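Colleague: Residue numbers (our numbering): 305 to 575.
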Amino acid sequence: MVNFLHISDIHIPDKKGDLWFGVDPCKKLEKLIELAKKLELNPSFTVITGDISHTGTIQSYNLAKKYIDEFRSLGGPVYPTMGTHDNRRNFSNILLGRPSPREEPPCHYSRTIEGLHVITMDSHTPGSLTGSFGEAQLDWLEKELREHQDEPAIIAFHEPIFFFGELGMFDKADAIRFKETVSRGNVLAVLSGHIHCPLFTMVDEVHYVQAGSPLWENSFNERGTLTHDSSSFNLLSYNEDPDGRPLHLPHCLLVKPVAFSEGTKLIEKKP
Ligand SMILES: [Fe+2]
Ligand SMILES: [Fe+2]
C-alpha cells in the first residue's frame with residue numbers, strides 16, 4: 305500500500321500573522337501539520353495542488369518553502385503545482401530550484417515514486433481564473449503517459465477540469481483533449497484544488513479528486529457560495545494485489561478526507 309497526502313490552497317502570505325478575511329493561513333497550516341503528525345500519517349509523498357502563495361511574492365515563497373520542508377519531514381518528497389494566485393517565476397525559482405528569467409514556460413514536471421508516476425501540470429492562465437494547458441503541455445502529457453504505461457499515473461494541477469460546461473473553470477478545448485489523452489493512458493487519478501471544497505467523482509474509470517483547503521471551506525447552494533472556517537485535506541491509499549499486479553483500477557485507490565475545524569463560523573468576505 306502507498307499512502308500519500310493531497311493538500312491544496314494553502315495561500316501563504318508574505319509573513320506570519322497576515323490574515324485573509326480574518327483567517328490566519330499560517331496557523332491553519334501549522335494545525336494541519338500537527339494533525340498529520342498526531343495521526344502518524346507517514347505519507348510516501350505529498351502533492352499540493354496550487355495556490356501555494358496568496359501574494360505571489362518572493363517573501364511568500366520563502367515562507368512556503370519552510371512549510372514544505374515541514375511536510376517533507378512527515379515523509380517523502382513534496383510536489384507543488386502552480387495555482388491561480390501563484391507567480392511562475394518565483395514558484396519556479398524558489399520551490400522548484402529551477403531559475404527562470406521569464407514568466408512563460410509552464411511549470412510542469414514528473415517523478416516516479418513507489419511505482420506511481422506523479423505528473424504535475426501547470427494550468428495557470430495569467431490574468432484569468434480559467435485553467436488551461438496549451439498545446440505544448442498537452443503534447444508533453446501524451447508523451448509522459450505513452451512512455452510510462454507500466455506505472456499508474458497521478459496527474460495533479462489546480463483548477464478542476466470536470467466542471468467544464470456551465471460551471472466552466474477550464475478551457476473547453478484543452479479539457480476535451482485532456483480527457484481523450486487520459487483515456488488512452490494508465491491513469492489512476494486526477495487531483496485538483498481551487499474551489500476549497502472536497503469533491504470526488506469518476507470519469508471513464510479515472511478518479512477525479514478535489515481537495516479542500518486548510519484555510520477555509522466553500523459550499524455551494526442556490527443562494528451562492530458560503531464560506532466556513534473549516535479545513536481539510538485528503539489522505540489517499542493506493543493498493544496493489546499481493547502478486548504486485550494492480551487491482552482493478554477504480555477500486556485500488558481509497559480517498560479519505562481529513563477535516564478539522566474550530567467551529568462552523570461563517571466568514572464575512574468583506575474587503
Ligand atoms: Fe485557492
Ligand atoms: Fe485558485
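No residue lacks a Cβ here, since even glycine has one placed at the ideal position from N, Cα and C. Owing to the predicted nature of the structure, the values given are computational and were not obtained by experimental measurement.
1) Tell me, please, which residues DSSP counts as bridged to W444.
2) What distance in whole Å lies between the Cβ atoms of P561 and P502, which are believed to be in contact at a cut-off of 8 Å?
3) Taking only the alpha-carbon atoms, compute the straight-line gap between F482 and M305 and give it to the nearest angstrom.
4) Just the C-alpha distance for L442 and Y383, rounded to the nearest angstrom, thanks.
5) Beta-carbon within less than 6 Å of L367's beta-carbon, same chain only, minus the 5 sequence neighbours each way: which residues are those?
6) Which runs of the alpha helix (DSSP H) at least 4 residues long sit entirely within the region 353-403? Give them in chain order.
7) Are the CB atoms of S523 and T529 within a distance shorter than 9 Å?
8) Please list, following the chain, all residues that have a C-beta closer than 7 Å to any non-hydrogen atom of ligand 1.
9) To the nearest angstrom, report how far apart E521 and D454 are at their CA atoms.
10) When DSSP labels each residue in this structure, what does F482 get in the three-state scheme?
11) Given the structure, does H462 come close to ligand 2, in the sense that its CB is under 8 Å from one of the ligand's heavy atoms?
12) Between the Cα of D318 and the Cα atoms of G354, T424, H358 and V351, which residue gives the shortest distance?
13) Can L420 and L492 be called in contact, C-beta distance under 9 Å?
14) Buried or exposed, going by whether 16 or more other CB atoms sit within 10 Å of the CB of P518?
15) Hey, quick one: how far does the alpha helix (DSSP H) through E338 stretch, first residue to last?
16) Using a threshold of 9 Å, state whether the C-beta atoms of I356 and P381 are closer than that.
17) Is it right to say R392 is buried, meaning 16 or more other beta carbons lie within 10 angstroms of its own, or is it exposed?
18) Which residues mark the beginning and the end of the beta strand (DSSP E) in which L539 is found?
19) Can you find the residues in the same chain that come closer than 7 Å, C-beta to C-beta, to H412, ignoring five residues on each side of it along the sequence?
20) Per the DSSP calculation, S487 is bridged to which residue(s)?
21) Round the Cβ separation of G379 and P347 to the nearest angstrom and send it over; I've been treating them as touching at under 8 Å.
22) Just the Cα atoms here: how many angstroms apart are L558 and T350?
23) Determine whether the beta carbon atoms of A515 and S364 lie at a separation below 9 Å.
24) Can you tell me which of the three DSSP states A515 falls into?
25) Are there 16 or more other CB atoms within 10 angstroms of the CB of E344, so buried, or fewer, so exposed?
Modeller: Per the coordinate set shown:
1) None, per the DSSP bridge assignment.
2) 5 Å
3) 28 Å
4) 19 Å
5) I316
6) 362-378
7) yes
8) D313, H315, D355, G387, T388, H389, G497, H498, H500 and S517
9) 37 Å
10) helix
11) yes
12) H358
13) yes
14) buried
15) P329 to K342
16) no
17) buried
18) G528 to Y542
19) T424, M425, D426, Q441 and W444
20) Beta-bridge pairing links S487 to no other residue.
21) 5 Å
22) 15 Å
23) no
24) coil
25) exposed
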